[in-house]
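Residue numbering for the sequence shown follows the UniProt record's numbering, beginning at 1 and increasing consecutively.
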Amino acid sequence: MLGRKSKLSRHNKRTIYKMRIRRVMIYASPVFAHATLKALDTLKVILNNFCIAATDAYWCVRNSILHRDLKLSSISKYMKDELKRFFDIAGSHLNALFSAAVY
Numbered sequence: 001m002l003g004r005k006s007k008l009s010r011h012n013k014r015t016i017y018k019m020r021i022r023r024v025m026i027y028a029s030p031v032f033a034h035a036t037l038k039a040l041d042t043l044k045v046i047l048n049n050f051c052i053a054a055t056d057a058y059w060c061v062r063n064s065i066l067h068r069d070l071k072l073s074s075i076s077k078y079m080k081d082e083l084k085r086f087f088d089i090a091g092s093h094l095n096a097l098f099s100a101a102v103y
């Protein structure tokens with residue numbers, strides 16, 4: 001469905017990515033805060049392969065250009081933003097034990 005020869009538009013492919021694939025990464029973002037660089041590199045490769053397949057780009061097109069065209073942030077920036085958001089929500093939680101565990 002997200003492959004090179006798919007009939008979906010780039011906008012629809014991007015929407016599927018943001019709705020399904022990226023949501024799985026949100027659940028794992030607290031775990032990936034302590035992950036090794038090798039694990040994050042694996043996620044970067046997956047994102048880059050998606051960008052290439054979604055745009056049907058040639059091998060010589062830079063990944064940064066694909067990210068810009070699809071309006072996607074990098075994995076590390078996205079995980080950092082989601083982790084910050086997670087701990088902000090956890091810090092202001094009504095449960096005292098939960099909010100105390102953050103600090």
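Beta carbons are placed, not taken as given, at the ideal position from N, Cα and C, and that holds for glycine.
Quick caveat, the model's predicted, so the values are computed rather than measured.
Based on Cα-Cα distance, which residue from the options lies nearest to residue i?
i, options, result
"serine 73", "Leu43, Ala101 and Tyr27", "Leu43"
"leucine 47", "Tyr58, Ser64 and Val102", "Ser64"
"threonine 55", "Tyr17, Met25 and Ser76", "Tyr17"
"valine 24", "Ala90, Glu82 and Val102", "Glu82"
Any idea if residue i is buried or exposed, counting beta-carbon neighbours within 10 angstroms, 16 or more meaning buried?
i, result
"cysteine 60", "exposed"
"isoleucine 21", "exposed"
"lysine 77", "exposed"
"isoleucine 75", "buried"
"lysine 13", "buried"
The alpha helix (DSSP H) that contains residue i, what's its start and end?
i, result
"glycine 91", "75-91"
"alanine 53", "37-55"
"leucine 97", "96-102"
"leucine 70", "63-70"
"arginine 14", "10-16"
How close, in whole Å, do the beta carbons of residue i and residue j come, if the pair is a contact with beta carbons under 8 Å?
i, j, result
"methionine 1", "leucine 8", "7 Å"
"methionine 79", "phenylalanine 32", "5 Å"
"proline 30", "phenylalanine 86", "6 Å"
"leucine 66", "alanine 57", "6 Å"
"leucine 70", "arginine 4", "Incorrect: roughly 14 Å between the Cβ atoms, too far for contact."
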